[in-house]
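Structure record follows, encoded as structure tokens.
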Amino acid sequence: MTQPTITFSLKRLEDYFSIQLINRNQSHGQLTVTDAGNQLFERSKIIISQLELAKNELARVRQHKMKLGMPPIIGSYYFPKIANELVKQHLMDAVDTMEGGSDELFYQMRSGDLDIALLGSTGPKVAEDMDITQILSVPFMIVVDKQHPLAKLKEVSFSDLKKYAFVSLTEGFVIVQAFEWFVKNTQMQPDVLYRTSDVAMLKKMIKERVGIGFLTEIAVTEEDDLVTIPLTDKNQPEFIISVFNRKNQILESDLLKLKEILTETK
Numbered sequence: 216m217t218q219p220t221i222t223f224s225l226k227r228l229e230d231y232f233s234i235q236l237i238n239r240n241q242s243h244g245q246l247t248v249t250d251a252g253n254q255l256f257e258r259s260k261i262i263i264s265q266l267e268l269a270k271n272e273l274a275r276v277r278q279h280k281m282k283l284g285m286p287p288i289i290g291s292y293y294f295p296k297i298a299n300e301l302v303k304q305h306l307m308d309a310v311d312t313m314e315g316g317s318d319e320l321f322y323q324m325r326s327g328d329l330d331i332a333l334l335g336s337t338g339p340k341v342a343e344d345m346d347i348t349q350i351l352s353v354p355f356m357i358v359v360d361k362q363h364p365l366a367k368l369k370e371v372s373f374s375d376l377k378k379y380a381f382v383s384l385t386e387g388f389v390i391v392q393a394f395e396w397f398v399k400n401t402q403m404q405p406d407v408l409y410r411t412s413d414v415a416m417l418k419k420m421i422k423e424r425v426g427i428g429f430l431t432e433i434a435v436t437e438e439d440d441l442v443t444i445p446l447t448d449k450n451q452p453e454f455i456i457s458v459f460n461r462k463n464q465i466l467e468s469d470l471l472k473l474k475e476i477l478t479e480t481k
């Protein structure tokens, strides 16, 4: 942009709001932003983010597409359960799924990159800009191979695991937050040998007895051929699964159907 264009644009803004936004020091050739100018700048960032949000939402409505976010553990548990209903409702082709940690997907919900999400948390999630429907709560477990010495236990305290090395998910997953709660609560420093964002890889490492695992109950299936051991620690967090959508988002018919399917599936 040229200097006169910028000057004219600033003058138009000042005329529109009837207030000075820029201090002009002609003798020193300096420009400084007034308090009113800074206030407008802060509000403009919100306006621009809302415009981007609307742009993303309308683009997917135009394309008849819906973006559904799910962490891999929730996705592997839930998506097979809802797949038949999506086919019946003629929605399967309209749903694009995105995987990632719950923290990452939550920010994608806020930015408009996702239309709806199934996210995990270690307690009831509160967000003023989100409509949140809790659908399931399950415990966290210690996971080991069937030949591991711990496999015979019916339950275990986290503090009794000091001598065992762990394999874990990377940061950004709710399971890691819950793991840190147990670490802090027991004041122990576990040896974490390996971290990965791939849940299937993590379970293979547990199977090979590289280390013991810390996962939620729904993450382990019969096909994994692993043993889950309940934790006895008091007041421990649980893995809560909830459906998220933005409060100011108009749910068009297909998105409303998708939300109903997600909230009714246990």
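Heads up: the sequence shown begins at 216 in the working numbering, then just goes up one per residue. Cβ atoms here follow ideal geometry from the backbone N, Cα and C, with glycine treated the same way. Note that this is a predicted model, so its numbers are computed, not measured.
Sheet register partners of residue 410 (DSSP bridge): Here residue 410 refers to the residue found at position 195 of the sequence shown. Answer is 383.
Range of the contiguous beta strand (DSSP E) that encloses residue 454: If you number the sequence shown from 1, residue 454 lands on position 239. Taken as a continuous stretch (DSSP letters only), the beta strand (DSSP E) holding residue 454 covers 454 to 461.
Exposed unless 16 or more other CB atoms sit within 10 angstroms - verdict on residue 359: Counting from 1 along the sequence shown, the entry for residue 359 is found at position 144. Result: buried.
Exposed unless 16 or more other CB atoms sit within 10 angstroms - verdict on residue 431: By 1-based counting over the sequence shown, the position of residue 431 is 216. Buried, by the Cβ-count rule.
Extent of the continuous beta strand (DSSP E) to which residue 219 belongs: Looking up residue 219 in the sequence shown gives position 4. First-last for residue 219: 218 to 232, but that is the alpha helix (DSSP H), not the beta strand (DSSP E).
Short Cβ contact (8 Å threshold) for residue 459 with residue 331: Taking the sequence shown and counting its residues from 1, one reaches residue 459 at position 244. Taking the sequence shown and counting its residues from 1, one reaches residue 331 at position 116. Yes, the Cβ-Cβ distance between residue 459 and residue 331 is below 8 Å.
Span of the beta strand (DSSP E) around residue 282: Along the sequence shown, one-based indexing puts residue 282 at 67. Looking at the DSSP string, the run of the beta strand (DSSP E) that includes residue 282 is 281 to 285.
Buried or exposed by the 16-neighbour rule on C-beta atoms within 10 Å, applied to residue 462: On the sequence shown, residue 462 is found 247 positions in, with the first residue counted as 1. The residue in question, residue 462, is exposed, as its Cβ has fewer than 16 Cβ neighbours within 10 Å.
Inter-residue CB distance, residue 370 and residue 427 (contact presumed, cutoff 8 Å): As a position in the sequence shown, residue 370 is number 155, starting the count at 1. As a position in the sequence shown, residue 427 is number 212, starting the count at 1. No, residue 370 and residue 427 are not in contact; Cβ-Cβ is about 14 Å, not under 8 Å.
Contact under 8 Å by Cβ, residue 282 with residue 313: The sequence position of residue 282 within the sequence shown is 67, counting from 1. The sequence position of residue 313 within the sequence shown is 98, counting from 1. It is a contact, given that the beta carbons lie within the stated cut-off.
For residue 309 and residue 469, believed in contact at Cβ under 8 Å, the rounded distance: For this step, residue 469 is matched to residue 254 along the sequence shown. For this step, residue 309 is matched to residue 94 along the sequence shown. Contact flag correct, Cβ pair sits at about 6 Å.
Delimiting residues of the beta strand (DSSP E) encompassing residue 427: In the sequence shown, the residue the question calls residue 427 occupies position 212. Its beta strand (DSSP E) spans residues 427 to 431.
Residue 434 versus 449, 451, 423 and 456, residue with shortest Cα-Cα distance: Your numbering for residue 434 matches position 219 in the sequence shown. With distances taken between Cα atoms, residue 434 lies closest to 456.
Burial state of residue 338, where buried means 16 or more other Cβ atoms lie within 10 Å: Stepping through the sequence shown from its first residue, residue 338 is reached at position 123. With fewer than 16 other Cβ atoms within 10 Å, it is exposed.
C-alpha distance - residue 298 paired with residue 250, whole-angstrom precision: Position 83 of the sequence shown, counted from the start, is the residue given in the question as residue 298. Position 35 of the sequence shown, counted from the start, is the residue given in the question as residue 250. Each residue's alpha carbon lies about 54 Å from the other.
Inter-residue Cα distance where the pair is residue 248 and residue 239: Here residue 248 corresponds to residue number 33 of the sequence shown, with the count starting at 1. Here residue 239 corresponds to residue number 24 of the sequence shown, with the count starting at 1. Looking at the two C-alpha atoms, the distance is approximately 9 Å.
Environment of residue 363 [buried if 16+ CB atoms lie within 10 Å]: Position 148 of the sequence shown, counted from the first residue, corresponds to residue 363. Classification of residue 363: buried, given that the 10 Å Cβ count is 16 or more.
Proximity of residue 396 and residue 354 at Cβ, strictly below 8 Å: Start at 1 with the first residue of the sequence shown, and residue 396 comes out as number 181. Start at 1 with the first residue of the sequence shown, and residue 354 comes out as number 139. Taking 8 Å as the Cβ cut-off, residue 396 and residue 354 do not qualify as a contacting pair.
Beta bridge counterpart(s) of residue 245 as assigned by DSSP: Indexing the sequence shown from 1 puts residue 245 at position 30. Bridge partners of residue 245: 240.
Span of the beta strand (DSSP E) around residue 347: Indexing the sequence shown from 1 puts residue 347 at position 132. It spans 345 to 353 - the beta strand (DSSP E) in which residue 347 sits, taken as one unbroken run.
Touching by the beta-carbon criterion (3+ pairs, under 8 Å), the segment 251 to 271 and the segment 217 to 237: yes
8 Å CB neighbourhood of residue 329 in its chain, flanking five on each side removed: As a first step, residue 329 must be located in the sequence shown, where it is residue number 114. The residues are 282, 283, 284, 313, 320 and 323.
Contact check, residue 414 vs residue 335, beta carbons under 8 Å: Here residue 414 refers to the residue found at position 199 when the sequence shown is read from its first residue. Here residue 335 refers to the residue found at position 120 when the sequence shown is read from its first residue. No, Cβ-Cβ distance for residue 414 and residue 335 is not below 8 Å.
For residue 466, the three-state DSSP class (helix, strand or coil): Against the sequence shown, residue 466 aligns to sequence position 251. Coil.
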